[in-house]
Amino acid sequence: MRKIFKRLILLIILLLAIVLIVLGVKGNVFKENRQNMELRSSGDDNAHWFHLSGVVVEKTFDTLLIELNEKEESSLFFDTTKVSLDCTKCKGDLEQVSEGNVIKFYFFKYNIDGETVKIERIVK
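Numbering (our numbering), first residue to last: 6 to 129.
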């Protein structure tokens, strides 16, 4: 009877040790994920999508010519009201757009090249 009791105690101690190890590993994983998310949500202008809106003036294979909405702060990014959008990353979104549509487009500041910007997403 004493042997069974000792084995039962050892088994309980072993199970508690395993549970504590698993909880410790999970806690570190959650902590790392939280830290990674904090790193992703902070940063300079090159880490965030900006968005502007405008009317589609012309549509070609993978580019749009846009007349920017004058109410927005587009002058922070462009010297002109007409901008060419490189839509190679968002061809699926491009299929939904036609001339005359008002769209909102998302981009990184570092993708601006003069009057052309490579965009990440289009919303109609």
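For every residue, glycine included, the Cβ atom is placed at its ideal position computed from N, Cα and C.
These numbers come from a predicted model, not from an experiment.
Just to confirm, are residue i and residue j a CB contact at a threshold of 8 Å?
i: D67; j: K96; result: yes
i: V102; j: V61; result: yes
i: F112; j: E125; result: yes
Drop a sphere of 10 angstroms on the beta-carbon of residue i, count the other beta-carbons inside from all chains shown, and report buried for 16 or more, exposed for fewer.
i: I9; result: exposed
i: I18; result: exposed
i: I127; result: buried
For the ligand GTP, any of its heavy atoms closer than 7 Å to the Cβ of residue i?
i: T93; result: You won't find the ligand GTP in this model; it holds no ligand whatsoever.
Quick one: residues in its chain with C-beta nearer than 8 Å to the C-beta of residue i, no 5 flanking neighbours on either side, listed in chain order?
i: L28; result: none
Rounded to a whole number of angstroms, what is the C-alpha to C-alpha distance between residue i and residue j?
i: H53; j: V107; result: 23 Å
i: N74; j: G105; result: 13 Å
Quick one: residues in its chain with C-beta nearer than 7 Å to the C-beta of residue i, no 5 flanking neighbours on either side, listed in chain order?
i: L44; result: With a pLDDT of 49 at L44, under the threshold of 50, the modelled position of that residue is not reliable, and no figure is offered here.
Worksheet item: Can you find at least 3 beta carbon pairs, one from the stretch 120–128 and one from the stretch 79–89, that sit closer than 8 Å?
Response: yes
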